[in-house]
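Chemist: As numbered in our numbering, residues 514 to 982 make up the sequence shown, in order. All C-beta atoms in this analysis are idealised placements derived from N, C-alpha and C, irrespective of residue type, glycine included. Sharing a structure with you now.
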Amino acid sequence: MLERIESTSERNKMADLDKLIGSNGVPTHWYNIVPDMPKAPAIPLHPATHQPVTPKDLEPMFPPSLIEQESSKEQLIAIPEEVRDILSMWRPTPLRRARRLEQALGTPAKIFFKYEGVSPAGSHKSNTAVPQAYFNKQAGLKRLATESGAGQWGTSLAHAGGMYGLDVAVYMVRSSVAQKPYRKVAMEMWGANVYPSPSDMTNAGRAELGVDPDCPGSLGIAISEAVEDATSRSDTNYALGSVMNHVLLHQSVIGLEARQQMQDMKEYPDVVIACCGGGSNFGGIAFPFLHDKFKEGKNVRAIAVEPTSCPTLTKGEFRYDLGDVAGLTPLLMMYTLGHSFMPSQLHAGGLRYHGVSPLVSQLYNEGLIEAKALSQLAVFEAARMFAHHEGIIPAPESAHAVKAAIDMALSCKDTEKPMTILFCLSGHGFFDLGSYADMLAGDLTDATFSADKMEESLGKLPSVQVRWE
Ligand SMILES: *Cc1c(COP(=O)(O)O)cnc(C)c1O
514 MLERIESTSE RNKMADLDKL IGSNGVPTHW YNIVPDMPKA PAIPLHPATH
564 QPVTPKDLEP MFPPSLIEQE SSKEQLIAIP EEVRDILSMW RPTPLRRARR
614 LEQALGTPAK IFFKYEGVSP AGSHKSNTAV PQAYFNKQAG LKRLATESGA
664 GQWGTSLAHA GGMYGLDVAV YMVRSSVAQK PYRKVAMEMW GANVYPSPSD
714 MTNAGRAELG VDPDCPGSLG IAISEAVEDA TSRSDTNYAL GSVMNHVLLH
764 QSVIGLEARQ QMQDMKEYPD VVIACCGGGS NFGGIAFPFL HDKFKEGKNV
814 RAIAVEPTSC PTLTKGEFRY DLGDVAGLTP LLMMYTLGHS FMPSQLHAGG
864 LRYHGVSPLV SQLYNEGLIE AKALSQLAVF EAARMFAHHE GIIPAPESAH
914 AVKAAIDMAL SCKDTEKPMT ILFCLSGHGF FDLGSYADML AGDLTDATFS
964 ADKMEESLGK LPSVQVRWE
């Protein structure tokens, strides 16, 4: 153990991310951007006392190792071999050049993409589901409970739990189960129990069913059920799929690999693009490149792409808010639309989130990264074009990054120095064909955004003094 710590601090001194790729191409360490940030993010506060949260406050929810990662100032954190073993089943993920797309666009720009859809669950969320399951198992937990709206997080956690022999209970919004029945089947094949929510498993669920036996459910109800399940049993924890620092830490494998893969091709991106819901695939691919920007003076841009119907970075406010609707997380200093804001229905369910990771928010507030909002119709057209030329049907979330990359490639058509673009294709769209069916049938509309509803939701937030380190 001591030796490991020594070699970690050695590596820190070298600040060399190149040495972090193992012989099988999978990173040996996660990269934590916090010590490299020009300004550290504000301190998370207890939602009731507004005092800095302590590790003790987080214990009902997370195992000690994840709590330590959440506030770690170490630049590099070793990935346990038991986690690398599982990740190595599909990592390193492919990094490909989209030559056919470039040709179709008639652009001299080079477009590269990192494809995270090759994980068993079909998205980048497995990169954090696996270590979260592992650290919970290590801490003696027997079971994890979570909610699933769009379904990607439930799918990833079901797979990861199955790998380590943990039971997983997924409370999945009833209407979503009806829309995407095969997600439920996949989760059950990995051994998870899927409860269409509201269910009769919890007080919260039974209360809803008492009022309306055919209640279609909502994300809020599903979260209440998962939280009640986890907090009422000592063998069960709750798990979050985005936003928190430890989640972004786990996702750094995407950028570390991509950085090495670009280097192997003697390339380096001018711009790194990713879609942004809670910010985990964006942080995952962008942070190792931002290391080069902050520490080595590299001139690299990073762009987070969100839907116009849920424009957290581009329209929200930078202030303390709860990370989740249930109020289980601390108050986090982040861009938010207010945790009671209900974004309109859109097909990219994974981007329908009120806040953005505090790390991403802090960097955006200082102008160190950029953000852009795109409309659903334009995004779906880009998905169709990408599928046609590159063969992969993107998840509707990932299609936001595709559209932004296409726009960027077209914008430098007549410039002297064509750009090298790297984007994250965070998942495939095979579970989302219903939404593409809507597009093909001409039934797709642009989801709307109400600034008044956002103001109303922000108006309900407590005004809290910002606490810096
Ligand atoms: C959940 C999800 C997202 C959005 O989450 P982030 O934390 O912002 O990455 C994006 N793409 C896919 C495929 C997802 O499943």
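Under 8 Å, do residue 538 and residue 780 count as touching if we go by C-beta distance?
Modeler: Their beta carbons are not under 8 Å apart, which means residue 538 does not touch residue 780 by this criterion.
Chemist: Among 931, 902 and 949, which one has its Cα closest to the Cα of residue 996?
Modeler: Residue numbering for the chain in the displayed model covers 514 to 982; residue 996 lies beyond these limits and cannot be assessed.
Chemist: Using a Cβ-Cβ distance under 8 Å, would residue 976 count as near chain C?
Modeler: Annotation note: the requested chain C is absent from the structure, which comprises a single protein chain.
Chemist: For the candidate residues 551, 541, 852 and 576, whose alpha-carbon lies nearest to that of residue 599?
Modeler: Comparing Cα positions, the closest option is 541.
Chemist: Beta strand (DSSP E) containing residue 710: first to last residue?
Modeler: Looking at the DSSP string, the run of the beta strand (DSSP E) that includes residue 710 is 706-710.
Chemist: Over the uninterrupted alpha helix (DSSP H) stretch that includes residue 648, give me the two end residues.
Modeler: First-last of the alpha helix (DSSP H) with residue 648: 639-651.
Chemist: Could you check the C-alpha separation between residue 671 and residue 929 for me, to the nearest Å?
Modeler: Each residue's Cα considered, the two are about 49 Å apart.
Chemist: Shortest alpha-carbon distance to residue 909 belongs to which of 939, 559 and 925?
Modeler: Considering only alpha carbons, the answer is 939.
Chemist: For residue 857 versus residue 961, is the C-beta spacing smaller than 8 Å?
Modeler: Result yes, Cβ atoms of residue 857 and residue 961 sit closer than 8 Å.
Chemist: Tell me whether residue 693, by its Cβ, gets closer than 7 Å to a heavy atom of ligand 1.
Modeler: Not under cutoff, so the answer is no.
Chemist: Shortest alpha-carbon distance to residue 953 belongs to which of 707, 890, 855 and 868?
Modeler: Checking every option, the nearest Cα to that of residue 953 belongs to 890.
Chemist: Specify, as a first and last residue, the run of the beta strand (DSSP E) that residue 542 falls within.
Modeler: Segment 542-544, the beta strand (DSSP E) holding residue 542.
Chemist: On the DSSP bridge assignment, give the partners of residue 833 in chain order.
Modeler: According to DSSP, which records beta bridges pairwise, residue 833 is partnered with 846.
Chemist: Is the separation between the beta-carbon of residue 681 and that of residue 643 shorter than 8 Å?
Modeler: For residue 681 and residue 643, no; Cβs fall outside 8 Å.
Chemist: In terms of residue numbering, what span does the alpha helix (DSSP H) encompassing residue 784 cover?
Modeler: From DSSP, residue 784 is part of no alpha helix (DSSP H) but of the beta strand (DSSP E) over 784-788.
Chemist: Could you tell me the distance, in whole angstroms, from the CA atom of residue 854 to the CA atom of residue 717?
Modeler: One C-alpha to the other measures close to 21 Å.
Chemist: In three-state DSSP terms, what is residue 677?
Modeler: Correct three-state label for residue 677: helix.
Chemist: Please work out which residues of its chain come closer than 7 Å, Cβ to Cβ, to residue 692, disregarding the five sequence neighbours upstream and downstream, and give them in chain order.
Modeler: Hits under 7 Å: 947.
Chemist: Would you say the beta carbon of residue 583 comes nearer than 7 Å to a heavy atom of ligand 1?
Modeler: No - ligand 1 has no heavy atom lying nearer than 7 Å to the Cβ of residue 583.
Chemist: Under 6 Å Cβ to Cβ from residue 860, same chain only, skipping five residues before and after it: list those, please.
Modeler: These residues qualify, in order along the chain: 909 and 948.
Chemist: Just how far apart, CA to CA, sit residue 885 and residue 622?
Modeler: Cα-Cα distance, rounded: 20 Å.
Chemist: Quick one: grab the DSSP three-state call for residue 963.
Modeler: If DSSP states are grouped into helix, strand and coil, residue 963 belongs with coil.
Chemist: Taking residue 631 and residue 666 to be in contact with their CB atoms under 8 Å, please state how far apart those CB atoms are, rounded to whole angstroms.
Modeler: Their Cβ separation, rounded to whole angstroms, is 18 Å, which puts residue 631 and residue 666 out of contact at 8 Å.
Chemist: Output yes or no for whether 8 Å exceeds the beta carbon distance between residue 816 and residue 883.
Modeler: Yes, these two residues count as a Cβ contact at 8 Å.
Chemist: Count the other CB atoms, across all protein chains shown, that sit within 10 Å of the CB of residue 649; report buried if there are 16 or more and exposed otherwise.
Modeler: The residue in question, residue 649, is buried, as its Cβ has 16 or more Cβ neighbours within 10 Å.
Chemist: If you follow the alpha helix (DSSP H) that residue 800 is part of, which residue opens it and which one closes it?
Modeler: Its alpha helix (DSSP H) spans residues 793-809.
Chemist: Are the CB atoms of residue 656 and residue 748 nearer to each other than 8 Å?
Modeler: Yes; because the gap between Cβ atoms is below 8 Å, this pair is in contact.
Chemist: Once the 5 residues before and after residue 791 are set aside, which same chain residues still bring their CB inside 8 Å of it?
Modeler: Answer for residue 791: 754, 755, 756, 760, 866, 868, 869 and 870, listed in chain order.
Chemist: Might you give, ordered along the chain, the residues of its own chain that have their beta carbon closer than 6 Å to the beta carbon of residue 696, omitting 5 neighbours on each side?
Modeler: Hits under 6 Å: 664, 668 and 944.
Chemist: I need the boundaries of the alpha helix (DSSP H) containing residue 758, first residue and last residue.
Modeler: First-last of the alpha helix (DSSP H) with residue 758: 758-777.
Chemist: Taking the straight line between their C-alpha atoms, what separation do you get for residue 896 and residue 562?
Modeler: Their backbone Cα atoms lie some 46 Å apart in a straight line.
Chemist: Looking only at C-alpha atoms, which of 923, 620, 919 and 931 sits nearest to residue 937?
Modeler: Among 923, 620, 919 and 931, the Cα nearest to that of residue 937 is on 919.
Chemist: Could you check where the alpha helix (DSSP H) with residue 751 kicks off and where it finishes?
Modeler: Per DSSP, residue 751 belongs to no alpha helix (DSSP H); it is in the beta strand (DSSP E), 749-751.
Chemist: Sort 618, 735, 564 and 851 by Cα distance to residue 979 and report the nearest one.
Modeler: Answer by Cα proximity: 564.
Chemist: Just to confirm, does residue 947 get its C-beta within under 7 Å of one of the non-hydrogen atoms of ligand 1?
Modeler: False, no ligand heavy atom lies under 7 Å from that Cβ.
Chemist: Below 6 Å CB to CB, which residues in the same chain sit around residue 675 once its five sequence neighbours on both sides are set aside?
Modeler: Cβ neighbours of residue 675 beyond the five flanking positions: 703 and 704.
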